Amino acid sequence: MKILITGGKGMLAKAVIERFAQEELIVTDVEELDITNLEKVEEFVENCSPDVIINCAAYTAVDKAEEDLALARKINRDGPKNLAIVAKKHHSILVHVSTDYVFGGDLSLEEIYQEEDAKAPVTVYGITKLEGEEAIKENAEQYYIFRTAWLYGDGNNFVRTMLKLGREKDRLTVVADQHGSPTYSVDLADIIAQALEKKIPYGIYHTTNLGFTTWYEFTKEIFRQAGISDENCEVVPVTSEEFIRPAKRPKNSMMSKDKILNAGVIIPEWKDGLRRYLEIEG
Ligand SMILES: NC(=O)c1ccc[n+]([C@@H]2O[C@H](COP(=O)([O-])OP(=O)(O)OC[C@H]3O[C@@H](n4cnc5c(N)ncnc54)[C@H](OP(=O)(O)O)[C@@H]3O)[C@@H](O)[C@H]2O)c1
0 MKILITGGKG
10 MLAKAVIERF
20 AQEELIVTDV
30 EELDITNLEK
40 VEEFVENCSP
50 DVIINCAAYT
60 AVDKAEEDLA
70 LARKINRDGP
80 KNLAIVAKKH
90 HSILVHVSTD
100 YVFGGDLSLE
110 EIYQEEDAKA
120 PVTVYGITKL
130 EGEEAIKENA
140 EQYYIFRTAW
150 LYGDGNNFVR
160 TMLKLGREKD
170 RLTVVADQHG
180 SPTYSVDLAD
190 IIAQALEKKI
200 PYGIYHTTNL
210 GFTTWYEFTK
220 EIFRQAGISD
230 ENCEVVPVTS
240 EEFIRPAKRP
250 KNSMMSKDKI
260 LNAGVIIPEW
270 KDGLRRYLEI
280 EG
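170 is the number that numbering that gives the first Met the number 0 gives to position 171 of the sequence shown; each next residue is one higher, with no gaps.
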């Protein structure tokens, strides 16, 4: 299988490159292939004729995006649109990654988001990622959109930050009223591989690790697994209102994985993903 990977220096891209190492890979970063440049995308895909394009490129700075709508839209909407147009023309399968931020995040905590639930993004990042999904639906035929959340892996991420702070400080406050699923980039890359190998039906899927938690409980589990005790660093729960950020964070980011599980894809629990990550990073 010949696979074109965009955004090749990003956190997910690194896991994708490793997972698909046996395949014929064409890995590109923004200098080699800027996905916002339709002409360049067309030229590139025509030259290499990939069976699959895995789009790991995105504008991911959630807070910065609030002041940067034009660039976020260019990368998160126009980029995927260009890839969709070209993938369709050259009969390539397009794999794209989206986010829980396409939802409003205000669903009752008794409920979890299904793929087709109403979208109501409240941040520039979420709005532009939703526009990217819609552009793919309109322009591509053979596509997968994998919505993920709370991603960590080889790059700056929440787990790395908490480990550093936990070893430096004796007290940390962490938000305890936002609910979601931490997702190891290696597990997401494997979900993508399984989807392609098993040829599951094209469409949109929720793809995080299994199980739900809060940032507070996630931090407690990171510390438990890494051997950082309460005496070393106390973790104190706080509310979202006590921790205001430029972009509003969803309180409910919990997404159902039934659709992808029913398609035969196997997904590990989030604590298991964390354990394997800490074996490398901890
Ligand atoms: N991280 C999370 O918690 C999270 C949660 C939900 C969904 N997601 C989604 O998961 C996917 C992967 O995220 P990630 O965390 O791996 O992101 P990342 O580490 O920020 O990587 C994104 C990559 O895209 C590159 N890029 C930016 N603009 C580009 C362009 N015009 N053309 C080509 N490449 C470009 C970036 O290069 P520069 O660094 O040089 O700009 C960077 O290497 C994204 O679609 C993201 O929206 C992430």
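We treat Cβ as the ideally placed atom computed from N, Cα and C, and that holds for glycine.
This one's a predicted model, so the numbers in the text were calculated from it and none came from an experiment.
Between the CA atoms of residue j and residue i - distance to the nearest angstrom
i	j	result
N286	D189	Only positions 0 to 281 of the chain appear in this structure, which leaves residue 286 out of reach.
N156	L150	8 Å
A192	G125	25 Å
Y215	E41	45 Å
D186	L11	10 Å
K168	L162	10 Å
A194	E22	15 Å
D153	E30	21 Å
K219	E278	17 Å
G165	R72	36 Å
E109	Q224	28 Å
R275	T182	12 Å
T27	F102	30 Å
Y100	P249	7 Å
I111	N75	25 Å
E241	N46	52 Å
I16	Y204	21 Å
L282	G272	For residue 282 there is no data in the structure shown, the boundaries of the chain being 0 and 281.
Option in the options with minimal Cα separation from residue i
i	options	result
Y142	P267, S91, Y183	S91
I34	E17, C55, P49, D50	C55
S184	V173, F145, R170, S228	F145
A60	S107, K128, T218, V94	K128
D105	E17, A117, G281	A117
L93	G103, Y100, G78, D99	G78
N138	H95, I84, V101, E132	I84
K256	E233, T238, E114, G131	E114
N36	K13, L70, P49, I16	L70
I259	Y201, Y58, E38, K39	Y201
Contact test: residue i Cβ vs ligand 1 heavy atom, cutoff 7 Å
i	result
T35	yes
K258	no
G125	no
V29	yes
W149	yes
Y142	no
V121	no
T213	no
C55	yes
A117	no
G104	no
I74	yes
M253	no
V183	Note that residue 183 corresponds to Tyr in the displayed sequence, not to Val. The answer is no for Y183.
L82	no
V96	yes
8 Å contact criterion, which residue i and residue j should meet: CB distance rounded
i	j	result
F19	L32	The pair is not a contact, with the Cβ atoms about 17 Å apart (cut-off 8 Å).
H178	T213	6 Å
E280	R159	7 Å
Distance cut-off 7 Å: residue i Cβ against heavy atoms of ligand 3
i	result
M10	This structure lacks ligand 3; its bound ligands are ligand 1.
- Three or more beta-carbon pairs under 8 Å between the segment 111 to 128 and the segment 263 to 277, yes or no? no
- Task: Taking 8 Å as the threshold, find out whether the segment 58 to 68 comes into contact with the segment 245 to 263 through three or more Cβ pairs.
- Result: yes
- Task: Evaluate contact between the segment 254 to 266 and the segment 194 to 209, counting only Cβ atoms and requiring at least three cross-stretch pairs below 8 Å.
- Result: yes
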